[in-house]
Amino acid sequence: MPCGVYIGQDGRHRPTVLSVAGSDSIGGAGIQADIKACMALGVFAMTVITAVTAQNTVGVRSYVNIGAESVYAQLNAVFDDVRPDAVKIGMVPDGSTAAVIAEVLARRYNGPVVLDPVAVATSGDRLCDDSAAAEMVHRLFHMATVVTPNIPEAHMLTGMDIATRADMEAAARDIIRRYSCRAVLLKGGHLVDATSEHPAENATGCTMDILVEAADTPARVFQGPVVRTPNTHGTGCTLSSAIAAYLSRGYALEEAVARAKAWLTDVLRAGADCHFGHGHGPALLVWNPPTED
149 MPCGVYIGQD
159 GRHRPTVLSV
169 AGSDSIGGAG
179 IQADIKACMA
189 LGVFAMTVIT
199 AVTAQNTVGV
209 RSYVNIGAES
219 VYAQLNAVFD
229 DVRPDAVKIG
239 MVPDGSTAAV
249 IAEVLARRYN
259 GPVVLDPVAV
269 ATSGDRLCDD
279 SAAAEMVHRL
289 FHMATVVTPN
299 IPEAHMLTGM
309 DIATRADMEA
319 AARDIIRRYS
329 CRAVLLKGGH
339 LVDATSEHPA
349 ENATGCTMDI
359 LVEAADTPAR
369 VFQGPVVRTP
379 NTHGTGCTLS
389 SAIAAYLSRG
399 YALEEAVARA
409 KAWLTDVLRA
419 GADCHFGHGH
429 GPALLVWNPP
439 TED
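First residue of the sequence shown? That's 149 in the numbering used here, and the numbers climb one at a time after it.
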């Protein structure tokens, strides 16, 4: 039987997150971003690697699919020993990997799941094949506590053009209806107004994400200041793993999202003047551990 807990030297339970995602050789996204975000938030990170990417701040050069058999073995190795307090799912390169993840989670886990349906990297490079998207929406979306698509991913899922807050809310509700999701956090960082050179800024001059927890409930809009920084690589991975970290610590979904977004804003500000590589530097370059219990 898995012990299910991590006990620190003070005898207190320490929360854990299992990240199921791809590896990023530059260390700014994927598994590496997930580990850093969790550790910054006082949570122990465990990992299942689905793919190994060769990428840097400029773009993705290639990736190797680890394969469903290895993913199955990694998942069971973790669950045979420890029960995570939350699971984050990122890059799923193909349909067979999605099927294996769904099968193991359905059989061995009933806690919070944050699903970041990674299809395209910040650089614009594709990170999965067509079978992955089909299997994810069929097998994984309904299992997730929250699904966290960005604007391009939401367009792929709905076919809708998304240019306004109303469009975002309509798309989030459509994803819930189509795929039986429990909740959708639609990230608005790709809404860029005509005068802005930076992502994560919409026509209101602030960042805007929308959380819909059920098709018939009011949407929660999260707005925040624009952080002007070249360091946006792995922003989505960092946010989704931060949400998982706060869920693992017992926060309700809306509060977990609010805290994760506030923390990410602080992280982006702290690293805004840092320079790393020749493209989009990692979002999580500098951070301060949280002070709350």
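Virtual Cβ for every residue (Gly too), placed ideally from N, Cα, C.
Please state the DSSP three-state secondary structure of residue i.
| i | result |
| --- | --- |
| residue 363 | coil |
| residue 375 | coil |
| residue 369 | strand |
| residue 331 | coil |
| residue 349 | Unreliable positioning characterises residue 349 in this predicted model, as indicated by a pLDDT of 43, which lies under 50. A coordinate reading is not provided. |
| residue 357 | strand |
| residue 412 | helix |
| residue 231 | coil |
| residue 388 | helix |
| residue 173 | coil |
| residue 432 | coil |
| residue 220 | helix |
Considering only their Cβ atoms, is the gap separating residue j from residue i smaller than 9 Å?
| i | j | result |
| --- | --- | --- |
| residue 122 | residue 401 | Outside the displayed span of the chain (149 to 441) sits residue 122, for which this structure offers no information. |
| residue 199 | residue 211 | yes |
| residue 280 | residue 303 | no |
| residue 418 | residue 387 | no |
| residue 205 | residue 425 | yes |
| residue 262 | residue 391 | yes |
| residue 176 | residue 381 | yes |
| residue 227 | residue 252 | yes |
| residue 406 | residue 181 | no |
| residue 376 | residue 420 | yes |
| residue 470 | residue 373 | Because the chain in this structure spans residues 149 to 441, residue 470 falls outside the shown range and cannot be described. |
Between the options, which has its C-alpha nearest residue i's C-alpha?
| i | options | result |
| --- | --- | --- |
| residue 310 | 281, 329, 358 and 282 | 358 |
| residue 189 | 410, 423 and 425 | 410 |
| residue 168 | 222, 399 and 300 | 222 |
| residue 254 | 288, 239, 208 and 417 | 288 |
| residue 339 | 405, 205, 354 and 328 | 354 |
| residue 325 | 337, 286 and 335 | 286 |
| residue 290 | 262, 327 and 177 | 327 |
| residue 256 | 230, 264 and 241 | 230 |
| residue 362 | 380, 332, 209 and 283 | 332 |
| residue 235 | 250, 241 and 244 | 250 |
| residue 246 | 260, 376, 158 and 197 | 197 |
| residue 161 | 308, 389 and 398 | 398 |
| residue 239 | 174, 277 and 207 | 277 |
Spatial neighbours of residue i within its chain, please: CB distance less than 8 Å, with the 5 preceding and 5 following residues excluded, ordered by chain position.
| i | result |
| --- | --- |
| residue 343 | Unreliable positioning characterises residue 343 in this predicted model, as indicated by a pLDDT of 34, which lies under 50. The coordinate reading is nonetheless provided below. Nothing meets the Cβ criterion. |
| residue 345 | Its pLDDT being 42, under 50, residue 345 is placed unreliably in this model, and the coordinates cannot settle the point. |
| residue 364 | none |
| residue 423 | 378 and 429 |
| residue 509 | Residue 509 lies beyond the range of the chain shown here (149 to 441); nothing can be said about it. |
| residue 213 | 198, 199, 241, 242 and 245 |
| residue 434 | 415, 418, 419 and 422 |
Who are the near neighbours of residue i in its chain, counting only those whose CB is closer than 6 Å to its CB and skipping five residues on each side?
| i | result |
| --- | --- |
| residue 233 | 163, 164 and 396 |
| residue 195 | 167 and 179 |
| residue 117 | With the chain covering 149 to 441 only, the question about residue 117 has no answer from this structure. |
| residue 317 | 358 and 367 |
| residue 244 | 216 |
| residue 237 | 168 and 263 |
| residue 260 | 234, 293 and 395 |
Can you check DSSP and say which residues form a bridge with residue i?
| i | result |
| --- | --- |
| residue 420 | In DSSP, residue 420 forms no bridge with anything. |
| residue 236 | 167 and 262 |
| residue 201 | 172 and 211 |
Looking only at its own chain, which residues have a Cβ that is under 7 Å from the Cβ of residue i, when we skip the five neighbours before and after it?
| i | result |
| --- | --- |
| residue 248 | 216, 219 and 220 |
| residue 334 | 297, 302, 316, 319, 320, 357 and 358 |
| residue 329 | 289, 290, 292, 295 and 323 |
| residue 193 | 165, 167, 182, 183, 186 and 187 |
| residue 209 | 202 and 203 |
Does any residue of chain D have a CB that is nearer than 9 Å to the CB of residue i?
| i | result |
| --- | --- |
| residue 278 | Of the protein chains in this structure there is only one, and it is not chain D. |
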